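Below is one structure, written out as structure tokens; the observations come after it.
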Amino acid sequence: MTSIIQLLPDHVANQIAAGEVVQRPASVVKELIENAVDAKATTISLVVKDAGKTLIHVVDNGKGMSVTDARMCFERHATSKIKAATDLFNLNTKGFRGEALASIAAIAHVELKTKQAADELGTHITLEGSKVLSQNAAVLPNGTSFLVKNLFYNIPARRKFLKSDTSEFRHIMDEFIRIALAHPDIEFTLIHNGSEIFKLPISSLRQRVVNIFGKSINQKLVPVSEETEIVNIVGFVTKPEFAIKSKNEQFFFINDRYIRNPYLHKAVMLAYDGILKDGALPSYFLFLDVPPESIDINIHPTKTEVKFDDEQSLFAILRSAVKHSLGLFSVANNIDFER
Ligand code: ADP
Ligand code: MG
1 MTSIIQLLPD
11 HVANQIAAGE
21 VVQRPASVVK
31 ELIENAVDAK
41 ATTISLVVKD
51 AGKTLIHVVD
61 NGKGMSVTDA
71 RMCFERHATS
81 KIKAATDLFN
91 LNTKGFRGEA
101 LASIAAIAHV
111 ELKTKQAADE
121 LGTHITLEGS
131 KVLSQNAAVL
141 PNGTSFLVKN
151 LFYNIPARRK
161 FLKSDTSEFR
171 HIMDEFIRIA
181 LAHPDIEFTL
191 IHNGSEIFKL
201 PISSLRQRVV
211 NIFGKSINQK
221 LVPVSEETEI
231 VNIVGFVTKP
241 EFAIKSKNEQ
251 FFFINDRYIR
261 NPYLHKAVML
271 AYDGILKDGA
281 LPSYFLFLDV
291 PPESIDINIH
301 PTKTEVKFDD
311 EQSLFAILRS
321 AVKHSLGLFS
331 VANNIDFER
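Heads up, the sequence shown is in UniProt numbering, so the first residue is 1 and it goes up one at a time.
Structure below.
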């Protein structure tokens, strides 16, 4: 009898899992910024070099970590956000899988500096390929600083597969914009190769949209607002005459989490039925709040897909809310016109 099965060492398991969570520099950006949001930061800055291929640095003023947690956060399935499987149906945080930091640390050079407000000193840890190289107490500001260098340094095939800097930076911008839109109550900065790309002060949602997409969008926005037992909807859609061919200005957020959903997109498009030029797409920034137990986010590691209990009702409510707003807008416009 020969037994040949072995448990993989942690660093190997982490590297395999990393393939799922970290597809490109933008995945690291998403995970680090989401962690900063979960830590209740009010200021989050992102600095990247070479589209994140050489350096990604996220600094937040959130609650920070204790000495023990600063080491523990790099373990796989280590999370402060859920304790039991039932918590999965009542999520109030972006994270819950406890695998992002373990994955990132397995395939990059990582430096973590973190301090909690109640502590005198913070913790400074460096890791490489899941191995802790150093851990020291340090004088630090409150909050957390995550520096990720040389992503995929130990997976040459993955590094080679990365697209041009322009394309990888576009992915970073996409992730950054999705999170920044969902949290106008947080100040965000993005710096790439030394140039400031975004500086977004705390503001209203409308102002956040304008700060990201430019002043000209302000006059195009129509507010949407609907409250029902199943869902509360707030946000903006653009007036039909401004619909363009751009596919980059359509955003759904479910409980402040950006999601892709072709079915809900169809509901919005139906609200515009008959009033759009061929091939034109309205821009929209729509926030759907639903009871956390009525959705399942744990479908894919990147969490951009969501399953709803009652998709059909959601579809109908969304469609009529948008339709109503567009109708209201033209009525208000007519009144203005008559005056
Ligand atoms: P998850 O977010 O799913 O819990 P992560 O691997 O992203 O898993 O993070 C592990 C843990 O590390 C988190 O649960 C949190 O307790 C801690 N952590 C990560 N980033 C931060 C941060 N910026 N500020 C405070 N704590 C953090
Ligand atoms: Mg996380």
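Note that the Cβ used here is the ideal one computed from N, Cα and C, for glycine as well.
The model shown is predicted, which means the values in this text are computed figures rather than measured ones.
Beta-carbon proximity of residue i to residue j, cut-off 8 Å
i: residue 122; j: residue 60; result: no
i: residue 234; j: residue 222; result: no
i: residue 13; j: residue 76; result: yes
i: residue 308; j: residue 294; result: yes
i: residue 25; j: residue 128; result: no
i: residue 317; j: residue 226; result: yes
i: residue 56; j: residue 21; result: no
i: residue 281; j: residue 247; result: yes
i: residue 268; j: residue 237; result: yes
i: residue 181; j: residue 206; result: no
i: residue 113; j: residue 85; result: no
i: residue 107; j: residue 18; result: yes
i: residue 323; j: residue 271; result: yes
i: residue 34; j: residue 94; result: yes
i: residue 252; j: residue 264; result: yes
Check: residue i C-beta below 7 Å from any heavy atom of the ligand ADP
i: residue 97; result: yes
i: residue 64; result: yes
i: residue 199; result: no
i: residue 278; result: no
i: residue 10; result: no
i: residue 105; result: no
i: residue 39; result: yes
i: residue 79; result: yes
i: residue 102; result: yes
i: residue 347; result: Here the chain has residues from 1 to 339 only, and residue 347 is not among them.
i: residue 69; result: yes
i: residue 166; result: no
i: residue 60; result: yes
i: residue 228; result: no
i: residue 123; result: no
i: residue 144; result: yes
Test: residue i CB closer than 8 Å to a CB of chain C
i: residue 21; result: In summary, chain C is missing from the structure at hand, where a single protein chain is found.
Q | Complete alpha helix (DSSP H) runs within the region 123-205 (minimum length 4 residues, chain order) | A | 156-161 and 165-182
Q | Closer than 6 Å: residues whose CB approaches a heavy atom of the ligand MG | A | 31, 34, 35, 95 and 100
Q: Count the C-beta pairs between the region 70-80 and the region 186-193 that are closer than 8 Å, then say yes if the count reaches three, no if not.
A: no
Q. Hey, which unbroken runs of the beta strand (DSSP E) at 3 residues or more fall wholly within the region 62-134?
A. 109-115 and 122-128
Q: Indicate whether the contact test is met: 3 or more Cβ pairs, each with one atom in the region 251-259 and one in the region 301-310, closer than 8 Å.
A: yes
**Q.** contact_flag[the region 166-174, the region 130-148] where n(CB pairs < 8 Å) is 3 or more
**A.** no
Q. What residue ranges within the UniProt domain "DNA mismatch repair protein S5" (209-327) form continuous alpha helix (DSSP H) runs of no fewer than 4 residues, ordered along the chain?
A. 262-271
Q.
Restricting to runs no shorter than 4 residues, where is the alpha helix (DSSP H) found entirely within the region 11-72?
A. 25-38 and 67-72
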